[in-house]
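K.L.:
Numbers given in the numbering used here equal positions in the sequence shown, counted from 1, plus 522. Using N, Cα and C, we set each Cβ at its ideal position, and we do this for glycine too.
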Amino acid sequence: MRNVIVTGGSRGLGLAIASALAAGGDRVIAVARTETDELRSAAQEVERSGRGAVHFRGFDLTDIDGIRGLVAGLRKQFGALYGLVNNAGLGMHGLLSMMRDGDIERLVRLNTVAPVVLAKYVLRSMMVERAGRIVNVASIVASGGYSGLTAYAATKAALIGFTRSLAREVGSLGITVNAVAPGFIETEMTRELTQADRERIERRSALKRLAGPEDIAAAVEYLLSEKARNVTGITLTVDAGSTA
Ligand SMILES: NC(=O)c1ccc[n+]([C@@H]2O[C@H](COP(=O)([O-])OP(=O)(O)OC[C@H]3O[C@@H](n4cnc5c(N)ncnc54)[C@H](OP(=O)(O)O)[C@@H]3O)[C@@H](O)[C@H]2O)c1
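#1: Below 9 Å between beta carbons: does that hold for E710 and R533?
#2: Could you compute how far the alpha carbon of N608 sits from the alpha carbon of V663?
#3: Per DSSP, what kind of secondary structure is A554 in: helix, strand or coil?
#4: Taking 8 Å as the cut-off, does the CB of L632 come closer than this to any heavy atom belonging to ligand 1?
#5: In this structure, how does DSSP classify R590 when only helix, strand and coil are distinguished?
#6: Any chance you could list the alpha helix (DSSP H) runs of at least 4 consecutive residues sitting entirely within the segment 599 to 676, in chain order?
#7: On the premise that A762 lies in contact with T731, defined as a C-beta separation below 8 Å, what is that separation, rounded to the nearest angstrom?
#8: So, helix, strand or coil for F578, using DSSP?
#9: If you draw a straight line from the alpha carbon of A564 to that of S541, how long is it in whole angstroms?
#10: Please report the straight-line C-alpha distance between G485 and T584, rounded to a whole angstrom.
#11: For I723, which of helix, strand or coil comes out of DSSP?
#12: Given 8 Å as the limit, tell me if K678 has its C-beta closer than that to any heavy atom belonging to ligand 1.
#13: Out of F600, F581, G546, A545, state which residue places its alpha-carbon closest to the alpha-carbon of E557.
#14: My guess is that L758 and A741 are in contact by the Cβ rule of under 8 Å, so how many angstroms apart are they, rounded?
#15: Smallest Cα separation from T685: which of S669, R725, R713, T634?
#16: Output needed for M620: all residues of its chain with C-beta closer than 6 Å, excluding positions within five of it in sequence on either side, in chain order.
#17: What residues are listed by DSSP as bridge partners for I777?
#18: Below 8 Å on the Cβ atoms is my guess for L537 versus V526; work out the distance and round it to an integer in Å.
#19: Pairs of beta-carbons, one from the segment 621 to 641 and one from the segment 675 to 684, closer than 8 Å: are there three or more?
#20: For G654, tell me which candidate among A701, I697, V528, I586 has the shortest Cα-Cα distance.
#21: Less than 8 Å separating the Cβ of S563 from some heavy atom of ligand 1?
#22: Who are A703's beta bridge partners in DSSP?
#23: Contact check, A739 vs I539 under 8 Å by CB: the rounded distance?
#24: Please classify G767: is it buried, with 16 or more other beta-carbons within 10 angstroms of its beta-carbon, or exposed?
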């Protein structure tokens, strides 16, 4: 069974990704601070199906110094790590001039530093196996430009730059590195958006609707599949044509 770490796997996009990968036969290790009932139910459903598995590991990814130990523990418990989906992230809305410095620092730590450091340690396992897949969950905001999401956009644009360079660095070892850029998806992160905001995004999208968590999960599943063996360094946008 392939071992795949999905950060932020307890709810929202991460939960959809974890469920889809486990349903496809992977052993998913969902990392988040708190386990949710939804994740427990997903794990039970996977167990009943007799295919794949979902495990929860509680960890605060802003504890950068603890990441090395986290990865060592997972390797010891589950064996070689095949996949890493860097999905955990914080969305922070607000005018830059009004943001607290500490909040900006926390955002960068979770959205950018943690995925880079996590990839560093997981890569060591992948390099031994000469196989592996890394998928970074970015955002259309990384390239689009959205007032009120400046610091968040900086963290996501950084992930895309990281993806492209790391793809070059580890390609010869049989490891692929890609990003997925979701458009607006209804999760806890976006609960503050009004019905009017949602309708406006739908109206402006090419397909006149929103993408859902299952669409992001399908993109990640593809990038981790054999079918994507020759795909690396890309950013796959999944936004129902919001940026088309
Ligand atoms: N929703 C959208 O419209 C959208 C659009 C583009 C990109 N994205 C990106 O997609 C990813 C998932 O977003 P989402 O909408 O699913 O968000 P969400 O519903 O808020 O879920 C965030 C996940 O990250 C975990 N997390 C948060 N802080 C953490 C920490 N310090 N340590 C470990 N885990 C932590 C959360 O669990 P705990 O709180 O229990 O730790 C949760 O599992 C994010 O990277 C986001 O930027 C989302």
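P.N.:
Short version:
#1: yes
#2: 17 Å
#3: A554 falls in the strand class under three-state DSSP.
#4: yes
#5: helix
#6: 623 to 630, 636 to 651, 663 to 666
#7: The amino acid at residue 731 is misidentified as Thr; the sequence shows Arg. Yes, they are in contact, since the Cβ atoms of R731 and A762 sit about 5 Å apart, within 8 Å.
#8: Of the three classes helix, strand and coil, the one that applies to F578 here is strand, per DSSP.
#9: 6 Å
#10: Examination of residue 485 is not possible in this model, given that the chain is present from 523 through 766 alone.
#11: helix
#12: yes
#13: F581
#14: 5 Å
#15: T634
#16: none
#17: With the chain represented from 523 up to 766, any question about residue 777 goes unanswered, as that position is not in the structure.
#18: Not a contact, Cβ separation roughly 14 Å.
#19: Short answer: they touch.
#20: Among A701, I697, V528, I586, the Cα nearest to that of G654 belongs to I697.
#21: It does not: the Cβ of S563 is nowhere closer than 8 Å to a heavy atom of ligand 1.
#22: A703 pairs with T759.
#23: 5 Å
#24: Nothing in the structure corresponds to residue 767, since the chain is present only between 523 and 766.
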